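S.K.:
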Amino acid sequence: MDDALLRLTEAVKTGKRKDAREATEIALNAGTDPETVLAALTAGMDDVGKRFRANEIFVPEVLVAARAMKTSMELLEPALVSSGVKPKYTAVIGTVAGDLHDIGKNLVIMMLKGANYGVIDLGINVPEEKFIEAAREHNPDLICLSALLTTTMPAMKTTVEALRKEGVSARIMVGGAPITEAFSQSIGADGYATDAAVAVDVANQLVGA
Amino acid sequence: MTGKEILLKTLRCESAERVPWVPFVGVHGGSLVQVDATTYLRSVDHVVDALKVAHKRYQPDGLPVVFDLQLEAEVLGCELVWAKETPPSVSSHPLAERCDLSLLPEFSTEAGRIPMALEATRRLRNDLGDDVALYGLLTGPLTLGLHLRGDEFLMDIFDEEDSAFELLDFGADVACKMVDAYLDAGIDVVAVVDPMISQIGPEHFQQFVAEPLNKVFDHIRARGALSSLFVCGNATRNLEPMCATRCDNISVDENVNLKQLAELARPAGKSFGGNLQLTVVLLLGDPMDAQRDAVRCLDQAGEGPGFVLAPGCDLPFSVRPENLEAIAPLVRDPYQLEIARALPENLNEVGVEVELPDYEDSSAVIVDVVTLDSAGCAPCTYMVKAAQEAVKVFAQPAEVREHKITTREGLGYMKALSVSAIPSICIDGKECFASIIPDRSELVKALQQAASVKS
Numbered sequence: 018m019d020d021a022l023l024r025l026t027e028a029v030k031t032g033k034r035k036d037a038r039e040a041t042e043i044a045l046n047a048g049t050d051p052e053t054v055l056a057a058l059t060a061g062m063d064d065v066g067k068r069f070r071a072n073e074i075f076v077p078e079v080l081v082a083a084r085a086m087k088t089s090m091e092l093l094e095p096a097l098v099s100s101g102v103k104p105k106y107t108a109v110i111g112t113v114a115g116d117l118h119d120i121g122k123n124l125v126i127m128m129l130k131g132a133n134y135g136v137i138d139l140g141i142n143v144p145e146e147k148f149i150e151a152a153r154e155h156n157p158d159l160i161c162l163s164a165l166l167t168t169t170m171p172a173m174k175t176t177v178e179a180l181r182k183e184g185v186s187a188r189i190m191v192g193g194a195p196i197t198e199a200f201s202q203s204i205g206a207d208g209y210a211t212d213a214a215v216a217v218d219v220a221n222q223l224v225g226a
Numbered sequence: 028m029t030g031k032e033i034l035l036k037t038l039r040c041e042s043a044e045r046v047p048w049v050p051f052v053g054v055h056g057g058s059l060v061q062v063d064a065t066t067y068l069r070s071v072d073h074v075v076d077a078l079k080v081a082h083k084r085y086q087p088d089g090l091p092v093v094f095d096l097q098l099e100a101e102v103l104g105c106e107l108v109w110a111k112e113t114p115p116s117v118s119s120h121p122l123a124e125r126c127d128l129s130l131l132p133e134f135s136t137e138a139g140r141i142p143m144a145l146e147a148t149r150r151l152r153n154d155l156g157d158d159v160a161l162y163g164l165l166t167g168p169l170t171l172g173l174h175l176r177g178d179e180f181l182m183d184i185f186d187e188e189d190s191a192f193e194l195l196d197f198g199a200d201v202a203c204k205m206v207d208a209y210l211d212a213g214i215d216v217v218a219v220v221d222p223m224i225s226q227i228g229p230e231h232f233q234q235f236v237a238e239p240l241n242k243v244f245d246h247i248r249a250r251g252a253l254s255s256l257f258v259c260g261n262a263t264r265n266l267e268p269m270c271a272t273r274c275d276n277i278s279v280d281e282n283v284n285l286k287q288l289a290e291l292a293r294p295a296g297k298s299f300g301g302n303l304q305l306t307v308v309l310l311l312g313d314p315m316d317a318q319r320d321a322v323r324c325l326d327q328a329g330e331g332p333g334f335v336l337a338p339g340c341d342l343p344f345s346v347r348p349e350n351l352e353a354i355a356p357l358v359r360d361p362y363q364l365e366i367a368r369a370l371p372e373n374l375n376e377v378g379v380e381v382e383l384p385d386y387e388d389s390s391a392v393i394v395d396v397v398t399l400d401s402a403g404c405a406p407c408t409y410m411v412k413a414a415q416e417a418v419k420v421f422a423q424p425a426e427v428r429e430h431k432i433t434t435r436e437g438l439g440y441m442k443a444l445s446v447s448a449i450p451s452i453c454i455d456g457k458e459c460f461a462s463i464i465p466d467r468s469e470l471v472k473a474l475q476q477a478a479s480v481k482s
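For the protein sequence lines, the chains are L and Y, in the order given.
One point on numbering: in my numbering, the residue at position 48 of the first sequence is 65, and numbering is uninterrupted.
One point on numbering: in my numbering, the residue at position 114 of the second sequence is 141, and numbering is uninterrupted.
Given below as structure tokens:
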């Protein structure tokens, strides 16, 4: 791997956005295939996920890594589009109705983007109709529901039920501090991620990546 | 010694005659007076009424007055979204675009809902203050920083260090103003609640959060009061630096192993508290689950001074009151603790099926008393005695049978009769008196009623 790509991976791992931007520029200007640049980016985010899971780094470190990745993606995305590269999978994500928390959801988004998912972010306090609408519009492989409050867990249940009733075929993944595997199963979700780092693994399993 | 004195002694990490119990009745107070969270957290009368109910029902040694980490943020310009069963959430961050403190309105403890919390404190001090230590809760500097600046704040600590320090120091100054107002109103213990600490690593804790916290703790100490650091979430990695701050007490939730905290806190001269499970046990479980979990907390806390039995954090709105009522007897009565220890993990897995008699068919009224063992456990002795004496007075055929849960058969009866607490009196197969020993006339009345169904 050339120096610029190594530098890009390192910039994401350490959360240095200026470095990430510069390294991306250098790589693209040197004519590096955008998909190869994306792979370097993904390698950085993958490392961040592993260290987060191992309790070696914490939310602030993941946030700055995600920000560095976002900075790089701003340059990379147009290059990917013009070379005809599309994300392999599409995910729709949102925090369920009544819940205004978004750190966890945003971390999952960055992790998924880092793993080459196209992500449609519906934001916070998302009613079930909006999930259904997005499922129809984008035909995603995966729908991700987040909740931080015990009191909004029932909204997760009704959203899953509504999506099923509407015949949405996407796999449904749930997560958030109060959610457990048992709860996930009881509401008929397809998968449960304990945290943002695990979310990519679960997502990959669900979509068969 | 009053419960309050026991608690204050324990908070100073001194030996006390028993473990104190502090149920964190925050938003749950609303359900105790049948109003939703939005109404509750805006009303002095509701807060005072609810905490009086909590005092009566839960027999606490300490109570928080208002558990709402949005009080200061609201005064400082954060918009709130209100909910029926949770405290409000912050929906806008006044410093989101620019971390410039001059953008904030001046902080005053006379603004927003803070006067409500202070007035509730004054009234509760008057009504309950002799028996119960009152906790005044304020928002810790890190969590307040997040409220004001949003997620950006967690990135400022990497690339805008000076403004991060400034915001945290501002948070400490706001906290000190809250301390003064609370102490003037009659608060005994000031809890600095900073759940966001569970989201950062120990290096960032040391670098950014320890000093602002110490500023607040020093201020509390200088005013002659006691301080507690409340951190909800998995704060395990920060326990050591938390124990190195100058607070008197550390309170954690179920994500932290209390044994681990005990081993760090006691040598540091700090008391510690926690960590009854909020959702699985207190919200969704039954009184026996609550008691088993309390035993787990007491065992993990181990021998030695300085342990406060408490839930891990703000109690959920709809937590079952009977689950909290089941806790106080354990800290006050060694026999009740012994009974709780004998409770099986899961009655459904006991595996002994007993065949209950055909109660309807029996000419005599059958009184099943389910006990730990009436020979060695005082409440059980009195329960069995109460049943026997009532049967003597009762003029019709009746029979008292004791089932000890120290035997497999006894556990089988406990399960078959759906007993909710030990000791328990069941009359003709129905639980009539659980845990609390009835007076004779009540018991005789219940026997008469059972007999009337037969005839």
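Note that the Cβ used here is the ideal one computed from N, Cα and C, for glycine as well.
Keep in mind the model is a prediction, meaning the values are calculated, not measured.
#1: Between which two residues does the beta strand (DSSP E) holding Met190(L) run?
#2: Using a Cβ cut-off of 8 Å, which residues of the region 70 to 94 of chain L contact any Cβ in chain Y, in chain order?
#3: List the whole-angstrom C-beta distance separating Leu175(Y) from Leu195(Y), where the pair is believed to meet the contact cut-off of C-beta under 8 Å.
#4: Runs of 4 residues minimum, wholly inside the region 143 to 176 of chain Y: which ones carry the alpha helix (DSSP H) assignment?
#5: Who are the neighbours of Arg264(Y) on chain L, taking C-beta pairs under 9 Å?
#6: Between Ala57(L) and Ser163(L), what straight-line distance do the alpha-carbon atoms span, to the nearest angstrom?
#7: If I measure Cβ to Cβ from Gly331(Y) and keep anything under 6 Å in the same chain, skipping five residues before and after, which residues do I get?
#8: From Glu469(Y), Ile354(Y), Phe197(Y) and Cys270(Y), pick the residue whose C-alpha is nearest to that of Pro229(Y); which is it?
#9: So, does the CB of Ser190(Y) fall closer than 7 Å to a CB anywhere in chain L?
#10: Checking 7 Å against the spacing of the C-beta atoms, do Val185(L) and Ala206(L) come in under that value?
#11: Of all the CB atoms in chain L, is at least one closer than 7 Å to the CB of Gly228(Y)?
#12: Which residue wins for smallest C-alpha separation from Val52(Y), given the options Glu382(Y), Ser42(Y), Ser447(Y) and Ala337(Y)?
#13: Is the beta carbon of Gly300(Y) less than 7 Å from the beta carbon of Asp221(Y)?
#14: Which word fits Ile463(Y), buried or exposed, when buried means at least 16 other C-beta atoms lie within 10 angstroms of its C-beta?
#15: Measuring only the C-alpha atoms, how far is Ala194(L) from Leu161(Y)?
#16: Anything in the region 190 to 220 of chain L with a Cβ closer than 7 Å to a Cβ of chain Y? List those residues in chain order, please.
#17: Between which two residues does the alpha helix (DSSP H) containing Arg428(Y) stretch?
#18: Say whether chain L places a C-beta atom closer than 7 Å to the C-beta of Phe51(Y).
#19: May I ask you to list, following chain order, the residues of the region 164 to 182 of chain Y that have a beta carbon less than 7 Å from some beta carbon of chain L?
#20: Beta-carbon of Thr112(L) versus every beta-carbon of chain Y: anything under 7 Å?
#21: How far does the beta strand (DSSP E) with Ala461(Y) in it reach, from first residue to last?
#22: With distance defined between alpha-carbon atoms, name the residue in Gly172(Y), Ile227(Y) and Met223(Y) nearest to Asp200(Y).
#23: Going by the CB atoms, is the gap between Ile214(Y) and Thr170(Y) shorter than 7 Å?
#24: Do Asn284(Y) and Gly260(Y) count as a contact pair if the criterion is CB distance below 7 Å?
#25: Who are the Cβ neighbours of Ala202(Y) in its own chain at under 6 Å, not counting the five residues just before and after it?
#26: For Pro157(L), name the three-state secondary structure that DSSP assigns.
#27: For Leu180(L), which of helix, strand or coil comes out of DSSP?
#28: How would you call Thr88(L), buried or exposed, if buried means at least 16 neighbouring beta carbons within 10 angstroms?
#29: Could you name the residues of chain L that Ala123(Y) contacts, counting a contact when the two beta carbons are closer than 8 Å?
#30: So if DSSP puts Asn302(Y) in a beta bridge, which residue, or which two residues, is it bridged to?
#31: Among residues of its own chain, excluding the 5 on either side of Leu34(Y), which ones have a beta-carbon nearer than 6 Å to its beta-carbon?
#32: Determine whether the beta carbon atoms of Ala187(L) and Ile204(L) lie at a separation below 7 Å.
#33: For the region 395 to 415 of chain Y and the region 427 to 439 of chain Y, state whether three or more C-beta atom pairs, one from each stretch, are separated by less than 8 Å.
#34: Taking C-alpha atoms, which residue in Ser254(Y), Ala328(Y) and Val446(Y) lies nearest to Leu374(Y)?
#35: Have a look at Ala425(Y) and Ile393(Y) and give me their C-alpha separation to the nearest angstrom.
#36: State the beta-bridge partners of Tyr134(L) as determined by DSSP.
M.R.: Quick look at the numbers:
#1: Residue 190(L) sits at position 173 when you count from the first residue of the first sequence. First-last of the beta strand (DSSP E) with Met190(L): Arg188 to Gly192.
#2: Cβ contacts with chain Y come from Asn72, Ile74, Phe75, Val76, Pro77, Glu78, Leu80, Val81 and Arg84.
#3: By 1-based counting over the second sequence, the position of residue 175(Y) is 148. By 1-based counting over the second sequence, the position of residue 195(Y) is 168. In fact, because the Cβ distance is near 11 Å, the residues do not count as touching under 8 Å.
#4: Listed in chain order, they are 168 to 176.
#5: The sequence position of residue 264(Y) within the second sequence is 237, counting from 1. What Arg264(Y) touches in chain L: Asn72 and Phe75.
#6: For the purposes of this step, residue 57(L) is identified with residue 40 of the first sequence, where counting begins at 1. For the purposes of this step, residue 163(L) is identified with residue 146 of the first sequence, where counting begins at 1. Roughly 28 Å between the two C-alpha positions.
#7: Taking the first residue of the second sequence as 1, we reach residue 331(Y) at position 304. Shown here for Gly331(Y): same chain residues with a beta carbon closer than 6 Å to its own, the five before and five after excluded, namely Arg293 in chain order.
#8: Residue 229(Y) sits at position 202 when you count from the first residue of the second sequence. Considering only alpha carbons, the answer is Cys270(Y).
#9: Locating residue 190(Y) in the second sequence gives position 163, where the first residue counts as 1. For Ser190(Y), the answer is no, since every Cβ of chain L falls outside 7 Å of its Cβ.
#10: Counting from one through the first sequence, the residue named residue 185(L) turns up at place 168. Counting from one through the first sequence, the residue named residue 206(L) turns up at place 189. Their beta carbons are not under 7 Å apart, which means Val185(L) does not touch Ala206(L) by this criterion.
#11: For this step, residue 228(Y) is matched to residue 201 along the second sequence. Answer yes: the Cβ-Cβ gap between Gly228(Y) and chain L drops below 7 Å somewhere.
#12: Residue numbering aside, residue 52(Y) sits at position 25 when the second sequence is read from its first letter. Among Glu382(Y), Ser42(Y), Ser447(Y) and Ala337(Y), the Cα nearest to that of Val52(Y) belongs to Ala337(Y).
#13: Mapped onto the second sequence, residue 300(Y) falls at position 273. Mapped onto the second sequence, residue 221(Y) falls at position 194. Result no, Cβ atoms of Gly300(Y) and Asp221(Y) do not sit closer than 7 Å.
#14: Here residue 463(Y) corresponds to residue number 436 of the second sequence, with the count starting at 1. Looking at its Cβ environment, which holds fewer than 16 other Cβ atoms inside 10 Å, Ile463(Y) is exposed.
#15: Within the first sequence, numbered from 1, the residue matching residue 194(L) stands at position 177. Within the second sequence, numbered from 1, the residue matching residue 161(Y) stands at position 134. For Ala194(L) and Leu161(Y), the distance between alpha carbons rounds to 30 Å.
#16: So the close ones are Pro195.
#17: Locating residue 428(Y) in the second sequence gives position 401, counting from the first residue. No alpha helix (DSSP H) holds Arg428(Y); the beta strand (DSSP E) holding it covers Ala425 to Lys431.
#18: Your numbering for residue 51(Y) matches position 24 in the second sequence. For Phe51(Y), no Cβ of chain L is located within less than 7 Å of the residue's own Cβ.
#19: Here the close residues are Asp178, Leu181 and Met182.
#20: Translated into the one-based positions of the first sequence, residue 112(L) becomes position 95. The beta carbon of Thr112(L) sits no closer than 7 Å to any beta carbon of chain Y.
#21: Here residue 461(Y) refers to the residue found at position 434 of the second sequence. Lys457 to Ala461 is the extent of the beta strand (DSSP E) around Ala461(Y).
#22: Locating residue 200(Y) in the second sequence gives position 173, where the first residue counts as 1. Nearest C-alpha to Asp200(Y): Gly172(Y).
#23: Residue numbering aside, residue 170(Y) sits at position 143 when the second sequence is read from its first letter. Residue numbering aside, residue 214(Y) sits at position 187 when the second sequence is read from its first letter. For the 7 Å CB-CB criterion, Thr170(Y) and Ile214(Y) do not form a contact.
#24: Your numbering for residue 260(Y) matches position 233 in the second sequence. Your numbering for residue 284(Y) matches position 257 in the second sequence. No, the Cβ-Cβ distance between Gly260(Y) and Asn284(Y) is not below 7 Å.
#25: Numbered from 1 along the second sequence, position 175 holds the residue referred to as residue 202(Y). Listed in chain order, the non-local C-beta contacts of Ala202(Y) below 6 Å within the same chain comprise Leu165 and Val243, local neighbours out to five positions each way being set aside.
#26: Residue numbering aside, residue 157(L) sits at position 140 when the first sequence is read from its first letter. If DSSP states are grouped into helix, strand and coil, Pro157(L) belongs with coil.
#27: Here residue 180(L) corresponds to residue number 163 of the first sequence, with the count starting at 1. Helix.
#28: As a working note, residue 88(L) is residue 71 in the first sequence. Under the 10 Å beta carbon count, Thr88(L) is surrounded by 16 or more other beta carbons and is classified as buried.
#29: Position 96 of the second sequence, counted from the first residue, corresponds to residue 123(Y). Chain L residues near Ala123(Y): none, gap ~13 Å exceeds 8 Å.
#30: The sequence position of residue 302(Y) within the second sequence is 275, counting from 1. The partner list for Asn302(Y) (beta bridge, DSSP) reads Ala337(Y).
#31: Start at 1 with the first residue of the second sequence, and residue 34(Y) comes out as number 7. So the list reads Pro47, Asp88, Gly89 and Ala160, once near-sequence residues are dropped.
#32: Start at 1 with the first residue of the first sequence, and residue 187(L) comes out as number 170. Start at 1 with the first residue of the first sequence, and residue 204(L) comes out as number 187. Cβ distance not < 7 Å, so Ala187(L) and Ile204(L) don't count as in contact.
#33: At 8 Å Cβ cutoff, the stretches touch.
#34: Sequence index remark: in the second sequence, residue 374(Y) carries index 347 (1-based). Just measuring C-alpha positions, the residue of Ser254(Y), Ala328(Y) and Val446(Y) sitting nearest Leu374(Y) is Val446(Y).
#35: Locating residue 425(Y) in the second sequence gives position 398, where the first residue counts as 1. Locating residue 393(Y) in the second sequence gives position 366, where the first residue counts as 1. A direct Cα-Cα distance of roughly 6 Å separates Ala425(Y) from Ile393(Y).
#36: Position 117 of the first sequence, counted from the first residue, corresponds to residue 134(L). Among the bridge pairs identified by DSSP, Tyr134(L) is matched with Tyr106(L).
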